[in-house]
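Those letters in the sequence shown? Residues 953 to 1824, per the working numbering, in order.
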Amino acid sequence: MASVRAVFGRAVAAHREAVAQIRAAQRDMDRRAGDTGHLDSSAVQQARLAEELAGTARALTPGWLGTGWDHTVPELPVGRDAAPTGPVYVPVGTAQVTPDAAFPAVVPLLGVGHLAIDADARRPEVAGLVRGLLVRLLAACPAGLLRVRTVDGGAVGATFAAFRPLVEAGVLPEPATDRESFRGVLDEAERHVRQVQQAASAGRDLSAVPYLLVVAGSLAPDSGAELARLRALAHAGPSARLHLIVAGYPPARGYPEPEEPLPSAVAMRVTDRGCRLVDPPGAAPYSAGGLDVPVRLAPGPPDELVATVSRRLAGALRTAGTMTFADLMTDRRWPDSSETGLRTVVGRDGMAPVELAFDDATPHWLVGGRTGSGKTVFLLDVLYGLAARYSPDELAMYLLDFKEGVSFTEFTPTDSDPSWIPHARAVGVESDREYGVAVLAELAAEMGRRSVAMKRAGVTKLADLRATVDVAMPRILAVVDEFHVLFTGNDALARRAAALLEELARKGRSYGVHLVLASQTTGGVEALYTKTESIFGQFPLRIALAGATGVLDPLNGAADGLPVGTAVVNDAGGIAGHNRLVRFPDAHADSARLAWLRRELWQARIPGSAPPAVFAGYAEQSLADDPTYRSLRPRPRRLALVGRNVDVTSSTASFALDASPGRHVGVLGPSVVGAEVLAAAVGGLAPQYEAGGASFVLAPLVAAADAVAERTAARIAAAGHRVSTVDAIGLREELRRLSTLVREPRGGADPTYLAVFGMDAASGVLTEMDEAGRTGLDDLRVVLRQGPARGVHLLGWWRGLSRFSDDIGGPAGREDVACLVALNVPGGELGMLVGALDLDWRPRPNRALLVDRHEDRVGLIVPFTGPRAEGE
């Protein structure tokens, strides 16, 4: 607080010096005016003294601060190159000593105090004075050094209409014209004071901190309850770079304490013949009560001049407020600890950097903006800014994109660039809803693990745990772009997602789990209708870009018409009056630096660190690229590999083929992908045996499977196993042989795998009876029921559900094929087949449903669409 007292002391000293100069001049004029013996000499002296005071006033108000409103004004440069080093004075009128002797009446403002005018801007002369003061200060200060908020409740904003170009450019917010928006201005001013006071307490240099100037042409009607806040701001303002110009103060009688002066404010008392300046409270002992010389109010600038200056100033402020991607970065890599939260600079408000946080106060963010508004760019700015400040031991990222699939590809290794952002743990590119639910479930499970650790340590928050125990427990940031897709419809999956999201939103702050939900709209999500408050109420920080719907309060239209690269930041759940206008850079505009940062972060990772788990929803999967397949060696428990699970790590989807009943695989659906899934399952078995350790029989019964079966046979033969290919007649004989084999007492038969591509094509052959009165279907059902115990397994592709059901013997044989891989088959029919009427399955390209009846497991997979042999 010592630095705050020092700033306040300098401001008071400057004001007293100015007052002393004016008082001395006034006493000299009074003395000489009373010298009746030398009237002519006295008049000359008065004129000379007035000229000297005019010179002093001109020196105190150079350039825009003191110029007249003539044709030369537009030629003056807008803005200074450097911030003023002392108090900023402004002229308020002309002090008329005698009819022939006058000088400009100037008052100290920025760096010193405030100005209170007892008449409001509904009087034309007061409106002109207020507009003139605002033009002078905006044009005279360096671009971005002065932030302005306007209030005009009595004239509904008309006082500041000529400044419209600044509003349209996003530099100046709309005037506050009612009590609620006036409260918002006061809220912002109070935040500004607190931030400056905190910076001063931390010993930071305040010279680059923008002034906040609140200009009230007229106070909002019925704003009596806010006057106490206004007076408190006036008291704290000069030392916190906050200044007020308030027309209409003191307000009309009827408010509490209407005559109480505004602290640190020069008062102007307006009459029909001019005005009188009254010293601010605390100006004694130098004050004599005010300037006892009539003052003629300064004329206002022409509206055309205000508009011209506003346009030039808007351009200058846009240029000054523009950030580059480099401005978001720190000088050192990974300098910060995330023990108490995460913080990063996201842009600028004028010249001031805007830093946002994930902490107890703002644990989660809601971001909205239409397509093309810059939403993805903003998210990348945040993520790169955090990645530059915090090491992977301090921050872990889970990134999901549910739409275009391009938002987060930069965080993953690619064919052209093998590097990645080491903070990324899982990245979903064009994600499925099931993948999103899997990620949310993983985060909920992580909260459970952290809860156990915190209970053991006897603490309730992550910050307390890390302060107590030396543990590597990074804060987790989960970003979900186009999150509304996750809750489309009102099915079981949407309800599961809503329940998980609610849990994360309510408990996340305690366990260091933070969420960013981004979308074009938060409305119309049926699964969230009853959870709006329990979920979105936990998102106090709202960031609205152009076209955002539902992010801010319905009565807050601050995001309407925003240009690209600009956002409204609101830390009060979107309520009007808590807005900050922020300009942010386009990371892609500095592609060279972006690539350099990515490479630098990657090189700084711990050696051996694994890349993020990447789920690319549009990407096909092949057996040859599967890590489980690549690691296969001879083993006692063999697995049929059918695809990749839609889970956080994209684990391999498999089914164990052991001696348990029902250990067979049925691939269902007319899609030709069925042949490829079956080929992957069979081909993946070969490396799980020593050479010659198993026999394979392939039956390609449909033309679509010929090439796939031929390739699979070659793969099996290359592994050193016996493989034969049969047609439908050969399949009938093979089933007869295997049926006889499995019914015999246990012997030393080799493991045998029968793979049938298009089992339904054998229907005519398998229904025929032989001499013993048995059909091929009878032998098939014996193999299904008794085969696993003798090492015989069937892997078949049926193109129709009804044929599959008939072949296995209807409901009685349901348990005999425990693994089903459903492709393009209707969900309702599949549910009836497996006895699950509530089965949630919607067929779509490059997806399949894996049903494991024995383990009561149903999961979405990306089926293998190969297999590719090495080198293909």
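Glycine included, every Cβ here is placed at the ideal spot set by N, Cα and C. Note that the coordinates shown come from a computational prediction; the quantities given were computed from them, not determined experimentally.
Assigned with DSSP and collapsed to three states, residue 1750 falls in strand.
Scanning its chain for C-beta atoms nearer than 6 angstroms, with the 5 sequence neighbours on each side dropped, one finds around residue 1713 the residues 1653, 1654, in chain order. Residue pairing by DSSP puts residue 1704 in a beta bridge opposite 1647, 1744. Remark: C-beta atoms of residue 1623 and residue 1775 approach each other more closely than 7 angstroms.
Its chain contains 1073, 1074, 1169, 1170 as the residues whose beta carbon lies nearer than 7 angstroms to that of residue 1107, once the 5 sequence neighbours on both sides are disregarded; these appear in chain order. A straight-line Cα-Cα distance of about 20 angstroms links residue 1730 and residue 1785. Along the region 1298 to 1349, the beta strand (DSSP E) occurs as fully enclosed runs of 3 or more residues at 1304 to 1310, 1317 to 1320, listed in sequence order. Using a C-beta cut-off of 8 angstroms, the region 1552 to 1563 makes no contact with the region 1533 to 1541, since fewer than three inter-stretch Cβ pairs fall below that distance.
For residue 1114, same chain residues with a beta-carbon under 8 angstroms away, outside a window of 5 residues either side, are 1083, 1255, 1258, 1259, 1262 in chain order.
Residue environment for residue 1051: exposed (fewer than 16 other C-beta atoms within 10 angstroms of its C-beta). The residue from 1371, 1059, 1639 with its alpha-carbon nearest to that of residue 1559 is 1371. Of the candidates 1020, 1442, 1246, 1138, the residue whose Cα lies closest to the Cα of residue 1528 is 1138.
At a Cβ-Cβ threshold of 7 angstroms, residue 1309 and residue 1293 count as neighbours. Contact check for residue 1564 against residue 1741 fails: the beta carbons are separated by 7 angstroms or more. When the alpha-carbon of residue 1562 is set against those of 1344, 1682, 1078, 1503, the nearest one is in 1344. Across the set 1388, 1490, 1597, the C-alpha of 1597 shows the shortest separation from the C-alpha of residue 1799. Burial is judged here by how many other beta carbons sit within 10 angstroms of a residue's own beta carbon; residue 1647 has at least 16 and is buried. For residue 1607, the uninterrupted beta strand (DSSP E) segment begins and ends at 1604 to 1609. Under DSSP, residue 1676 shares a beta bridge with 1649. Counting C-beta pairs closer than 8 angstroms gives fewer than three between the region 1786 to 1806 and the region 1634 to 1643, which falls short of the contact rule. Check the Cα spacing between residue 1427 and each of 1252, 1470, 1290: the tightest is with 1290. Setting aside the 5 residues that flank it on each side, residue 1580 is surrounded in the same chain by 1604, each with a C-beta closer than 6 angstroms to its C-beta; the list follows chain order.
Under the Cβ criterion (8 angstroms, minimum of three pairs), the region 1431 to 1450 counts as touching the region 1350 to 1369. Pairing residue 1036 with residue 1177, the inter-Cα distance amounts to about 35 angstroms. Residue environment analysis places residue 1749 among the buried positions, since at least 16 neighbouring C-beta atoms fall within 10 angstroms of its C-beta.
Per DSSP, the continuous beta strand (DSSP E) segment holding residue 1170 begins and ends at 1163 to 1170. If you ignore the 5 residues before and after residue 1454, its C-beta comes within less than 6 angstroms of the C-beta of 1483, 1486, 1487, all in its own chain and listed in chain order. For residue 1048, the enclosing beta strand (DSSP E) starts and ends at 1041 to 1050. Each residue's CA atom was taken as its position, placing residue 1213 and residue 1164 some 21 angstroms apart. By the neighbour-count criterion, in which a residue is buried when 16 or more other Cβ atoms sit within 10 angstroms of its Cβ, residue 1721 is exposed. For residue 1055, the enclosing beta strand (DSSP E) has its first and last residue at 1053 to 1060. A residue is called buried when at least 16 other Cβ atoms come within 10 angstroms of its Cβ; residue 1297 meets this threshold and is buried.
Residue environment: residue 1759 is assigned as buried (16 or more neighbouring CB atoms within 10 Å of its CB, all protein chains considered). With contacts defined as CB atoms closer than 7 angstroms, residue 1773 and residue 1619 qualify as a contacting pair.
Here residue 1362 is buried: its Cβ has 16 or more other Cβ atoms, across all protein chains shown, within 10 Å.
For the 7 angstroms CB-CB criterion, residue 1103 and residue 1128 form a contact.
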